[in-house]
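Residue numbers (the working numbering), protein chains in the order written: chain A, 1 to 110; chain B, 1 to 121.
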C-alpha cells in the first residue's frame with residue numbers, strides 16, 4: 001500500500017478548475033518536496049510539477065502545485081480535453097529510504 | 001534530447017531471472033541518479049529501485065529487496081535491473097527513469113517507454 005493517498009477520481013467540464021490532493025506524513029511530504037506526474041493513456045509518465053510548485057519547461061501555466069504540512073495539491077484551471085489522464089504525486093520517504101508514488105487520480109473531462 | 005531505451009523484458013517462469021537494460025543518451029549520465037519504476041496491468045506506479053550517479057548508493061522497495069539488484073555502467077551510459085526469484089506479482093511494465101539530481105530522492109524528470117515483464121508458467 002502506498003504511503004501517499006490520492007482520491008481515485010476527479011472530473012470537470014471544459015474550462016472548470018479541478019484540484020487533486022495528496023496526503024502523506026511527516027516522513028515524506030512533511031520532509032521533502034513533492035513532484036507530480038501525468039500519464040496519458042498508453043504512454044509513459046511525464047513530469048508535470050517538481051519542487052512542490054515548479055513547472056518544467058513546456059507545461060502550461062494552468063497547472064499549479066502547492067504543499068502545506070503533510071499534504072500537497074495539484075490544481076488544473078481551465079480544464080481541457082487533453083488533460084484527461086492519470087495523475088500521481090511522488091516524494092521521497094525518509095523512513096522507508098525509498099521514493100513513494102501516490103495512489104493515482106484519474107481525471108475525466110466531462 | 002534525453003532518450004532512455006529499455007530492453008530485456010519478456011515472458012519468464014515463476015522463480016526465474018531476467019535482466020533489464022536501459023541505454024541513456026542526451027545528458028551527463030554519471031551526474032544523475034537512475035531508477036526503475038513499474039506498473040502492473042491496470043494499476044498505479046510503483047518505485048522499484050534507485051541508484052546514485054556513481055552507483056555506490058542504491059535503494060530498493062521492500063517488495064523487491066533481496067531479489068532485485070540495480071547496477072550501472074557509466075562508461076556505457078546504461079543502467080541495469082537484475083531480477084531474480086521472479087513472482088507472478090512482478091508482472092508489470094518496467095520503466096527506466098532519469099533522476100533530477102545525483103541522488104534519487106528528488107524524483108525523476110524523464111522516463112523511457114517501458115518494457116513488459118510477464119511472470120507466468
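All C-beta atoms in this analysis are idealised placements derived from N, C-alpha and C, irrespective of residue type, glycine included.
All of these numbers come straight from a predicted model, not from anything done at the bench.
Pick from the options: whose alpha carbon is nearest that of residue i?
i: residue 23 (chain A); options: A:65, A:98, A:84 and A:5; result: A:5
i: residue 18 (chain A); options: A:55, A:97, A:2 and A:73; result: A:73
i: residue 92 (chain B); options: B:100, B:69, B:26 and B:117; result: B:117
i: residue 19 (chain B); options: B:100, B:50, B:89 and B:69; result: B:69
i: residue 64 (chain A); options: A:107, A:71, A:58 and A:77; result: A:77
i: residue 29 (chain A); options: A:108, A:103 and A:93; result: A:93
i: residue 43 (chain B); options: A:108, A:36 and A:87; result: A:87
i: residue 34 (chain A); options: A:55, A:61, A:42 and A:108; result: A:55
i: residue 48 (chain B); options: B:57, B:35 and B:40; result: B:35
i: residue 23 (chain B); options: B:57, B:14 and B:75; result: B:75
i: residue 69 (chain A); options: A:49, A:41, A:42 and A:32; result: A:32
i: residue 15 (chain B); options: B:27, B:67, B:57 and B:30; result: B:67
i: residue 53 (chain A); options: A:80, A:15 and A:90; result: A:90
Drop a sphere of 10 angstroms on the beta-carbon of residue i, count the other beta-carbons inside from all chains shown, and report buried for 16 or more, exposed for fewer.
i: residue 65 (chain B); result: exposed
i: residue 62 (chain B); result: exposed
i: residue 73 (chain B); result: exposed
i: residue 89 (chain B); result: exposed
i: residue 6 (chain B); result: buried
i: residue 87 (chain B); result: exposed
i: residue 2 (chain B); result: exposed
i: residue 45 (chain A); result: buried
i: residue 67 (chain A); result: buried
i: residue 11 (chain A); result: exposed
i: residue 83 (chain A); result: buried
i: residue 109 (chain B); result: buried
i: residue 40 (chain B); result: exposed
i: residue 39 (chain A); result: buried
i: residue 115 (chain B); result: buried
i: residue 104 (chain A); result: buried
i: residue 102 (chain A); result: buried
Any heavy atom of the ligand SAH closer than 8 Å to the Cβ of residue i?
i: residue 34 (chain B); result: As far as ligands go, the structure on display features none, and thus does not contain the ligand SAH.
Suppose contacts are defined by Cβ-Cβ distances below 9 Å. Is residue i in contact with residue j by that definition?
i: residue 99 (chain B); j: residue 50 (chain B); result: yes
i: residue 55 (chain B); j: residue 99 (chain A); result: no
i: residue 96 (chain A); j: residue 27 (chain A); result: yes
i: residue 7 (chain A); j: residue 25 (chain A); result: no
i: residue 111 (chain B); j: residue 12 (chain B); result: no
i: residue 52 (chain B); j: residue 95 (chain B); result: no
i: residue 81 (chain B); j: residue 37 (chain A); result: no
i: residue 106 (chain A); j: residue 9 (chain A); result: yes
Tell me, please, which residues DSSP counts as bridged to residue i.
i: residue 3 (chain A); result: Paired residues: none, contrary to the question.
i: residue 102 (chain B); result: In DSSP, residue 102 (chain B) forms no bridge with anything.
i: residue 4 (chain B); result: B:24
i: residue 93 (chain A); result: A:98
i: residue 19 (chain B); result: B:82
i: residue 46 (chain B); result: B:38
i: residue 116 (chain B); result: B:93
i: residue 10 (chain A); result: A:107
Inset, instruction - Would you list, in chain order, the members of the segment 75-93 of chain B that have their beta-carbon closer than 9 Å to a beta-carbon of chain A? - result: For the segment 75-93 of chain B, the beta-carbon criterion of a distance under 9 Å to any beta-carbon of chain A is satisfied by 93.
Legend entry - Selection of the segment 54-76 of chain B by Cβ proximity to chain A, strictly under 7 Å: Those residues of the segment 54-76 of chain B that come within reach of chain A (Cβ to Cβ, closer than 7 Å) are 59 and 61.
Inset, instruction - May I ask you to list, following chain order, the residues of the segment 101-117 of chain B that have a beta carbon less than 8 Å from some beta carbon of chain A? - result: Answer in chain order: 104, 105, 106, 107, 108, 109, 110, 111, 112, 113 and 114.
Legend entry - Near-chain B residues of the segment 38-59 of chain A - C-beta to any C-beta below 9 Å: Residues passing the 9 Å Cβ filter: 39, 43, 44, 45, 46, 47, 50, 51 and 56.
Inset, instruction - Could you name the residues of the segment 37-53 of chain B whose beta carbon sits closer than 8 Å to any beta carbon of chain D, in the order they occur along the chain? - result: In summary, chain D is missing from the structure at hand, where the protein chains are A and B.
Legend entry - Under 8 Å (Cβ pairs) to chain A, residues found in the segment 10-35 of chain B: Listed in sequence order: 35.
Inset, instruction - Could you name the residues of the segment 2-34 of chain A whose beta carbon sits closer than 8 Å to any beta carbon of chain B, in the order they occur along the chain? - result: From the segment 2-34 of chain A, only 2, 32 and 33 have a Cβ closer than 8 Å to chain B.
Legend entry - Contact set between the segment 63-85 of chain A and chain B, restricted to residues whose Cβ is under 9 Å from the partner: Residues passing the 9 Å Cβ filter: none.
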